[in-house]
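Take a look at the structure below.
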Amino acid sequence: MDTETNKNFPTTEQFEMIIKSLQLLNANVKKEEVLKNIVDVAISITNADRGTLYLVNKEKYELWSKILFGENIKEINLKIGEGIAGWVAEKGEIINLIDVKSDERFDPSFDESTGYETKNMLVYPIKNKNEETVGVLQLLNSFNGRFSQNDEKLLDAISLNISLALDNAALVEKLISVERDNSIGKMGNFINYDIKKPLLTCKRYVEHLLKKEHLFEVKQIIKLLNEQLEQISSQLSSTTYFTEGTTLLRREPVSLNDTLYDFSLRINNLLKEYRCNVENNLKKDVIINIDKNEFYQCYYNIIKNACEAYKENGTILISTKIEGDNILIDFNDKGIGIEESDIEHVFEPLWSKNKNQGSGLGLAISKKIVEDHNGKINITSDKETGTTVTILLPIE
Numbered sequence: 278m279d280t281e282t283n284k285n286f287p288t289t290e291q292f293e294m295i296i297k298s299l300q301l302l303n304a305n306v307k308k309e310e311v312l313k314n315i316v317d318v319a320i321s322i323t324n325a326d327r328g329t330l331y332l333v334n335k336e337k338y339e340l341w342s343k344i345l346f347g348e349n350i351k352e353i354n355l356k357i358g359e360g361i362a363g364w365v366a367e368k369g370e371i372i373n374l375i376d377v378k379s380d381e382r383f384d385p386s387f388d389e390s391t392g393y394e395t396k397n398m399l400v401y402p403i404k405n406k407n408e409e410t411v412g413v414l415q416l417l418n419s420f421n422g423r424f425s426q427n428d429e430k431l432l433d434a435i436s437l438n439i440s441l442a443l444d445n446a447a448l449v450e451k452l453i454s455v456e457r458d459n460s461i462g463k464m465g466n467f468i469n470y471d472i473k474k475p476l477l478t479c480k481r482y483v484e485h486l487l488k489k490e491h492l493f494e495v496k497q498i499i500k501l502l503n504e505q506l507e508q509i510s511s512q513l514s515s516t517t518y519f520t521e522g523t524t525l526l527r528r529e530p531v532s533l534n535d536t537l538y539d540f541s542l543r544i545n546n547l548l549k550e551y552r553c554n555v556e557n558n559l560k561k562d563v564i565i566n567i568d569k570n571e572f573y574q575c576y577y578n579i580i581k582n583a584c585e586a587y588k589e590n591g592t593i594l595i596s597t598k599i600e601g602d603n604i605l606i607d608f609n610d611k612g613i614g615i616e617e618s619d620i621e622h623v624f625e626p627l628w629s630k631n632k633n634q635g636s637g638l639g640l641a642i643s644k645k646i647v648e649d650h651n652g653k654i655n656i657t658s659d660k661e662t663g664t665t666v667t668i669l670l671p672i673e
């Protein structure tokens, strides 16, 4: 074997690294962990400084990835054919650049916004067994000064396994989604047939008692029972709409500020239970077109989550801001924040970090209610400074 051939042939140490890499690739089936492992493996075996894995979305004809941008996770979307990674996705060919700035396809905007300097780059197409490109690995700044043909061969050795790991993760994700949908369907049936009927019976008895003469204290207790039953009934209706995927809104134009002040009074018992309070910092009033009962459920779920983030004696600040033709409503707490890895799951039905707190449906239902009102909902969080839930709604 000549010297040049031997130079580009994996050593025993590199073979061992490949075996360890394959073990790591097959160690998890959760999509987020699989994606992280793939990037970690690629960085390790090629001695790169940084790496990104883009996945191909055939329906949208684009690539997407998530990267750490400052302290936040940012999703990147590229059209296939756009930039170096997009070109590799389109052509299915490897690009190995010693000097990225000499290539007109290189986009310097990321470097400019972060202060990072990309010098050399290896961009590698991940192909499945049918030779279709399903992902693109982008590796930056080899510690060896440049990426070699040997680095390409090392990626060749694990490429199919990367594709299989992605397939397995996608399959598991699909199975979990099907199981979740089945569970939600069963929950809907349980609510309709096993809870609503006895609840309606209780409501009729309480309404009957309200019409009778009682001592003041007894009357107050009956009123409280009626309010709680109304709350439970509204929650069940919202949950039923969610489980059935239906929408039944009775919208009306209302003052946003008056509505938020009213809601903050209605949740008084909840706030007492958690020893929390609400502060309203509401700007110029606007008119919004909402179903007040449904929107109250959204408000209630968000406040309850914020209260649970505190151990006790917490304050939830509600503020508003006009942005063009929309109004932004911020719910901010200074409690225990949400882990970065959990942020993308908080709106998933039946997902809950703490299995002892709630069903994992509250924020999923809130998201549906907001979207049914042609709005958007978003969460930002930090373990140290707390969480902000932002709702965007159109102004009438």
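Counting with the numbering used here, you get residues 278 to 673 for the letters of the sequence shown. Idealized CB from N, CA, C, for every residue including glycine. None of these values were measured; they are calculated from a predicted model.
Minimum C-alpha distance to residue i - residue among the options
i	options	result
residue 559	551, 574, 543 and 534	534
residue 599	562, 620, 556 and 612	562
residue 404	419, 369, 649 and 503	369
residue 613	588, 625 and 652	588
residue 576	659, 607, 393 and 386	607
residue 419	337, 324 and 427	324
residue 604	318, 650, 592 and 320	650
residue 658	396, 495, 619 and 551	619
residue 365	331, 601, 315 and 550	331
residue 616	481, 662, 313 and 493	662
residue 594	573, 388, 480 and 611	611
residue 525	572, 551, 333 and 507	572
residue 652	574, 567 and 625	567
residue 665	410, 672 and 596	596
residue 679	590, 493, 539 and 553	Within the shown structure, residues of the chain are numbered from 278 to 673, placing residue 679 beyond reach of any answer.
residue 591	574, 622, 544 and 552	552
residue 504	376, 483, 380 and 363	483
residue 574	660, 641 and 480	641
residue 581	602, 543 and 601	543
residue 423	336, 326, 311 and 393	326
residue 429	478, 646, 672 and 320	320
residue 363	388, 387, 414 and 389	414
residue 660	311, 586, 646 and 388	586
Residue i and residue j closer than 9 Å at C-beta
i	j	result
residue 400	residue 439	no
residue 501	residue 546	yes
residue 532	residue 557	no
residue 407	residue 374	no
residue 584	residue 625	no
residue 322	residue 437	no
residue 417	residue 328	yes
residue 412	residue 318	no
residue 315	residue 443	yes
residue 480	residue 507	yes
Collapsed DSSP secondary structure at residue i in the structure displayed
i	result
residue 550	helix
residue 327	strand
residue 669	strand
residue 572	helix
residue 507	helix
residue 335	coil
residue 282	Low confidence applies here, because residue 282 scores a pLDDT of 43, under 50, leaving its location unreliable and the question unanswered by this model.
residue 585	helix
residue 536	helix
residue 713	Only positions 278 to 673 of the chain appear in this structure, which leaves residue 713 out of reach.
residue 478	helix
residue 601	coil
residue 633	With a pLDDT of only 48 at residue 633, under 50, the local geometry of the prediction cannot be trusted, and the value read off the model is given with reservation. Reduced to three states, the DSSP call for residue 633 is coil.
residue 623	coil
residue 660	coil
residue 653	strand
residue 561	coil
residue 484	helix
residue 322	helix
residue 616	coil
residue 490	coil
residue 566	strand
residue 640	helix
Supposed close pair residue i, residue j - CB separation, criterion 8 Å
i	j	result
residue 643	residue 656	Contact doesn't hold; Cβ gap of about 10 Å is too wide.
residue 359	residue 341	Their Cβ separation, rounded to whole angstroms, is 12 Å, which puts residue 359 and residue 341 out of contact at 8 Å.
residue 670	residue 565	5 Å
residue 355	residue 367	Contact flag wrong, Cβ pair sits at about 11 Å.
residue 435	residue 402	With 8 Å as the limit, residue 435 and residue 402 do not qualify as a contact, their Cβ atoms being about 13 Å apart.
residue 377	residue 391	About 15 Å; that fails the 8 Å criterion.
residue 639	residue 578	4 Å
Any non-hydrogen atom of the ligand FMN closer than 8 Å to residue i Cβ
i	result
residue 492	What this structure holds is no ligand at all, so the ligand FMN is not there to describe.
Going residue by residue through the region 390 to 449, where are the continuous beta strand (DSSP E) segments of at least 3 residues, counting only ones entirely within it?
Fully enclosed beta strand (DSSP E) runs of 3 or longer: 398 to 404 and 410 to 419.
Kindly provide the ranges of any beta strand (DSSP E) runs that are 3 or more residues long and lie completely inside the region 358 to 386, ordered along the chain.
372 to 374
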